[in-house]
Each structure stands twice: as structure tokens, then as C-alpha cells.
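Residue numbers (the numbering used here): 1 to 474. Positions of the beta carbon are idealized from the N, C-alpha and C atoms, including for glycine. One structure is given below, encoded as C-alpha cells.
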């Protein structure tokens, strides 16, 4: 992070503006809104600035810069085209440790004006640290259209009630949940949007008087984080994560997803991967119950979808038996998301009329799988955790009638920018799997042949590997 975003109180603080043109006018208008004491240095003033100078308490202290003018200045805004002058002022500001913003010259700035979205008292500043101002402008336009004009009124109403809420609800966790209920419910916001402010105040008062006795009651929510790409997390999943007191996560959860968890929530790693469990499933189930019984909103964050080969059902069963409220936020399972990012459609009128998801973790020669059904050439077979047992999977499918040259893919780090896609045939599955990193997903079926035509994601645009071409390079 190159710059630290701060909101600075400039009311009654001296700010020096160097320049008398239209750019200086824009900066001065912003400074006026926050109550700064403004002085100007400029050889001449544009007509608009002359009008502002006459109507407001702004002091034009000189036409030429003198270092003594920086005494007792909090902030300097430089808005001139004179490179030498800008450099001189910047050097003097740096020597005196005074914050300076030189318009359109990032190298002569110790602070930057962000694009501002004003829903007073809600303020949102957006900056690219001087690298992409047009992109920032576009982002601001998008956010302006998304945020209702009534947002500021909602914040002001909350501010008016804040002390009463604090006195009425002593427990900090209960108080946070009360505010969450107010903001997420939307009823009060709708009243404010319609300018029915008296009714909004009455609704707030009613909500405060009718607080549930047991705000401290815990709950558990299973959230599917998707297969990796943070953009595949659902909106509801994000909302739940933002309200959590404790988040239990495993090794499949990316740092980008974890960054979206409420900052003051406890994040506890309970890693679950083949052959490496930091905590047994039984102890984990008990731990989830224990945390909820302590009054916490617990989020069990799982990769993909929590109920597809994620043992979410076992955790839900234990939590429900303990009488704890529970809910589920489904996620995009790896079996759907990863092939999509690899350009492999799971069904296609010409290639596959159905798809089957299985786990390859416990497959061996003596298992009870119905290999006759799995060996249907008119379907797609998606196998989770199949890397270790790839040879058994391949042998069983071929033995039960699936063509040895059926296209197969092994995809590791699916949906991430560094995803790796190994393409070959069923008889080559073991060799492909050995070359793949974990976690890996196996896809078997004629739809795999479409990968070369639909490869849309990635840098070039996909990291495409044919097994035969790899062998030739070795």
C-alpha cells in the first residue's frame, strides 16, 4: 500500500494554494466545504477565483512564492504549470515536513486528493495512487449510481440515536448485532428514502424498545467460498462473513477471500486436506458447537460448496442436534467452477447428456462403485480428490468399457490466474495426475476435447498442456 488513506479535519487550519487558474478553483471549492483557512499565491487570478475572493474569507498573500510563506501551513496545494516553481515549493515543503499535493505530478506529492463520493457524513475516497485517474473516475461513477442519496440521512439518524443505543445495550456484541439488524433490515432506510423521517424515528424507537432478550444467542452458518477466484464468492456469503464473530476456515480458502471477513472477527485455521488434518472432524464438530454456545455467530467457511464432498452435512448434523440455529449459504462447487474456467462444458448436446460427480479419495480395486454406470461414454465424469488414485480410476473405467482414448483433463489451482490444465486421454490419466499440483480436479469425457476451442481464462489465454507435447519436450 503506497499511500495511507486518511480523512483529515482541516477546519480552521491554514492551507496554502499556489496558482490562480481553474484547477486552483476546483481545489479551493473543496477546501471551502471543509472550513479551511485558505491563502493564495498567484501572479494573476482567473475571473471565477476573483469572485470567490470577494465573496469569501480568502487571502491573496502575494504574486511570487517565498519560503517564508510556508510558516504555520498545514497543507500545500500547487496548481501551476511552472515546473521549476513546483519543484522549489515541493523541496521546501519536504524540508519542513508539510503535506503537499502538486496537481498532476505524482512525484511531487506527499498526499493525493481522492475522487470523493459525498453522502455526508458518509464519505468515500477512491485513489489509484496517481496511476489510473480515468479508472478511478469510472469507479466513482459506478459507486455514485449504486449508493442511494438517503445514505447520509441514515447515518445522521444513527448518530442521533447512538448514545441512547449505547446506554440501552451495554454488551458490545449485542449492540453491534442491533445495528446490523437496523441496517440490513431496510425498513428504516426505506422510510428515509421516501422522506418519511418522523416515521423512521418512530420505527427506530420501536426497534430499540423491542430488542430481543437473547441477542447473545449463537448461530452457525456454513458458507461455500467457491473454488478459488474471489469473484465467485456469493453476495450472501460476503454478507454473512461481514457479520461473523468467528470464522473457521481450511486450506482451500484463499487470502483474497479471507480479507473480506469482518476485520475484528476471530479467524481460526482448521486445515482439512488429504492426509493432513490439523483437527479431527469429531473435535471440529464439537468446537463449532462450543463456539456457538458461547454466543458467537460462527461461520464455517469451506472451499467450493460446503455440502459437496466437504463434510458439511456431518457438521450440520452435530450443530442441529445441539439445538443451535443454523443456515447454509451454498457456493460454486469446484466440479462446476473449475471446468468452466478451463473451457470445458460439462454437458453438450453432441457429447454428453449428463454429468456425475464422485470423490476419488477412497477409490481402489475392491470398492463398491458401479463402474458400469461410470463408464458411460455419453456422460462427463468429474472426480474430486482423484489425484492419488488416478491409476485405479483409469484401470476400472477402461475395464468396464470406457474407451482408453477418451479425452481427460487434470486441472490444478483451478480458477486462479496460475491454473494449470493437463490434457490427455484416459489411459494417460496416471501420468497427467503425477504432473499436477494439488488441489487437482479430474474431468473425463468427450467434452474435454472442446477445451482447445473455448479456452477463455488465463494469460495466453489459457495454460494449455497436451500430454504428448510435454513428453516430446522432455
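Could you give the distance in angstroms between the alpha-carbon of residue 92 and the alpha-carbon of residue 17?
Numbered from its first residue, the chain shown carries residue 92 at position 92. Numbered from its first residue, the chain shown carries residue 17 at position 17. Distance between the alpha carbons of residue 92 and residue 17 is about 15 angstroms.
Mark residue 25 as exposed unless 16 or more other C-beta atoms lie within 10 angstroms of its C-beta, in which case mark it buried.
To locate residue 25, count along the chain shown from 1; it is residue 25. The residue in question, residue 25, is buried, as its Cβ has 16 or more Cβ neighbours within 10 Å.
From this set, 237, 265, 441 and 310, which residue's C-alpha is nearest residue 335's C-alpha?
The sequence position of residue 335 within the chain shown is 335, counting from 1. Closest by alpha carbon: 441.
Quick check: what's the CA-CA separation for residue 300 versus residue 317?
As a working mapping, residue 300 is identified with position 300 in the chain shown. As a working mapping, residue 317 is identified with position 317 in the chain shown. Rounded to the nearest angstrom, the two C-alpha atoms are 14 angstroms apart.
Taking the runs of the beta strand (DSSP E) that are 3 residues or longer, which of them lie wholly in the segment 65-117?
Complete beta strand (DSSP E) runs here, min 3: 75-78 and 99-102.
C-beta atoms of residue 129 and residue 2 nearer than 8 angstroms
Position 129 of the chain shown, counted from the first residue, corresponds to residue 129. Position 2 of the chain shown, counted from the first residue, corresponds to residue 2. Their beta carbons are under 8 angstroms apart, which means residue 129 touches residue 2 by this criterion.
So, residue 337 versus residue 218, is the Cβ gap smaller than 8 angstroms?
Locating residue 337 in the chain shown gives position 337, counting from the first residue. Locating residue 218 in the chain shown gives position 218, counting from the first residue. Taking 8 angstroms as the Cβ cut-off, residue 337 and residue 218 do not qualify as a contacting pair.
Closest by C-alpha distance to residue 34, when choosing among 11, 45 and 19
Working through the chain shown from its first residue, we reach residue 34 at position 34. Closest option to residue 34, Cα to Cα, is 11.
Residues that residue 355 bridges to, as DSSP identifies them
Residue numbering aside, residue 355 sits at position 355 when the chain shown is read from its first letter. Beta-bridge pairing links residue 355 to 380.
Closest to residue 264 by C-alpha separation, out of 342, 109, 173 and 434, would be which residue?
Residue numbering aside, residue 264 sits at position 264 when the chain shown is read from its first letter. Selection 342, 109, 173 and 434 evaluated against residue 264 yields 173 as nearest (Cα-Cα).
Is it buried or exposed for residue 312, if we count other Cβ within 10 angstroms and need 16 for buried?
Residue numbering aside, residue 312 sits at position 312 when the chain shown is read from its first letter. Buried, since its Cβ has 16 or more Cβ neighbours within 10 Å.
Can you check which of these residues, 38, 47 and 39, is closest to residue 22 by C-alpha distance?
Counting from 1 along the chain shown, the entry for residue 22 is found at position 22. When only C-alpha atoms are compared, the closest one is 47.
Residues bridged to residue 60 (per DSSP)
Start at 1 with the first residue of the chain shown, and residue 60 comes out as number 60. Looking at the DSSP assignment, residue 60 forms a beta bridge with 40.
In the structure shown, what three-state DSSP assignment does residue 266 receive?
For the purposes of this step, residue 266 is identified with residue 266 of the chain shown, where counting begins at 1. If DSSP states are grouped into helix, strand and coil, residue 266 belongs with the strands.
Would residue 352 and residue 446 qualify as a contact pair, given that the criterion is a beta-carbon distance under 8 angstroms?
Taking the first residue of the chain shown as position 1, residue 352 is located at position 352. Taking the first residue of the chain shown as position 1, residue 446 is located at position 446. Taking 8 angstroms as the Cβ cut-off, residue 352 and residue 446 qualify as a contacting pair.
Report the residue from 310, 244, 433 and 457 whose alpha carbon sits nearest the alpha carbon of residue 261.
Locating residue 261 in the chain shown gives position 261, where the first residue counts as 1. Cα-wise, what sits closest to residue 261 is 244.
Spell out a yes or no on whether the segment 103-116 and the segment 53-73 are touching, meaning 3 or more CB-CB pairs, one atom from each, closer than 8 angstroms.
no
Pick from 428, 406, 430 and 437: whose alpha carbon is nearest that of residue 419?
Here the question's residue 419 lines up with position 419 in the chain shown. Answer by Cα proximity: 437.
Return the chain-ordered ranges of every beta strand (DSSP E) run that is complete within the segment 395-423 and spans a minimum of 3 residues.
407-412
In angstroms, rounded to a whole number, what distance separates the CA positions of residue 132 and residue 114?
The sequence position of residue 132 within the chain shown is 132, counting from 1. The sequence position of residue 114 within the chain shown is 114, counting from 1. Taking the straight line joining both Cα atoms gives about 12 angstroms.
Assess contact between the segment 198-207 and the segment 239-253, defined as three or more Cβ pairs (one per stretch) separated by less than 8 angstroms. Is contact present?
no
Among 356, 339 and 223, nearest to residue 454 - alpha-carbon criterion:
Your numbering for residue 454 matches position 454 in the chain shown. When C-alpha distances from residue 454 are compared across 356, 339 and 223, the shortest belongs to 339.
Counting C-beta neighbours from all protein chains within 10 Å, is the total for residue 417 16 or more, i.e. buried, or is it exposed?
On the chain shown, position 417 is the one that residue 417 refers to. It counts as exposed.
For a test of the three-state rule: what should DSSP assign to residue 227, helix, strand or coil?
Working through the chain shown from its first residue, we reach residue 227 at position 227. Of the three classes helix, strand and coil, the one that applies to residue 227 here is coil, per DSSP.
Backbone CA spacing between residue 463 and residue 421 [nearest angstrom]
Within the chain shown, residue 463 is the residue found at index 463, counting from 1. Within the chain shown, residue 421 is the residue found at index 421, counting from 1. A caution first: residue 463 carries a pLDDT of 39, below 50, which makes its placement in the model unreliable, though a value can still be read off. Distance between the alpha carbons of residue 463 and residue 421: 6 angstroms.
Could one say the Cβ of residue 447 lies closer than 8 angstroms to chain D's Cβ atoms, at least one of them?
In the structure shown, chain D does not exist; there is a single protein chain.
Give the DSSP bridge partners of residue 297, in chain order.
Locating residue 297 in the chain shown gives position 297, where the first residue counts as 1. Answer is 219.
Which residues share a DSSP beta bridge with residue 249?
Numbered from 1 along the chain shown, position 249 holds the residue referred to as residue 249. The partner list for residue 249 (beta bridge, DSSP) reads 269 and 301.
Does the Cβ-Cβ distance between residue 406 and residue 380 come in under 8 angstroms?
As a first step, residue 406 is located in the chain shown; it is residue number 406 there, counting from the start. As a first step, residue 380 is located in the chain shown; it is residue number 380 there, counting from the start. No, Cβ-Cβ distance for residue 406 and residue 380 is not below 8 angstroms.
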